[in-house]
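Working notes, structure below.
Residue numbers (my numbering): 1 to 108.
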């Protein structure tokens with residue numbers, strides 16, 4: 001069974017990261033997952049600020065999740081553009097997919 005047809009990239013990413021990401025990029029799958037992972041990273045980073053405030057304001061969490069998504073798009077764009085200096089020829093969506101799935105360990 002190839003890496004692109006396996007149903008659980010969350011599992012195969014830990015022991016075959018290169019093949020899993022190549023499979024996700026080749027099939028076009030995983031783009032929504034990358035955005036979700038980026039928003040969850042924003043949530044995780046904002047959680048200490050959220051719980052330390054006396055009034056639990058959900059706007060902090062929402063803003064942090066949006067910042068995570070914006071960071072994914074910004075850093076994906078920067079990585080693609082600066083990667084061209086070194087001969088990189090990737091599509092922007094593919095870079096965002098790889099970057100989003102690459103931040104999964106920091107999210108967990």
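Even glycine gets a Cβ: it sits at the ideal position worked out from N, Cα and C.
On a predicted model such as this, the values are computed, not experimentally measured, just so you know.
If you ignore the 5 residues before and after residue 73, its C-beta comes within less than 8 angstroms of the C-beta of 96, all in its own chain and listed in chain order. At the C-beta level, residue 60 and residue 70 stay beyond 9 angstroms of one another.
The alpha-carbon separation between residue 22 and residue 54 amounts to approximately 45 angstroms. Between residue 103 and residue 38, the gap from beta carbon to beta carbon is short of 9 angstroms.
The beta carbon of residue 41 lies closer than 7 angstroms to those of 68, 103, 106, 107 in the same chain, with the five residues before and after it left out. With a contact defined as Cβ atoms closer than 8 angstroms, residue 30 and residue 85 miss out at about 26 angstroms.
Take the alpha-carbon of residue 91 and the one of residue 27: they are about 13 angstroms apart.
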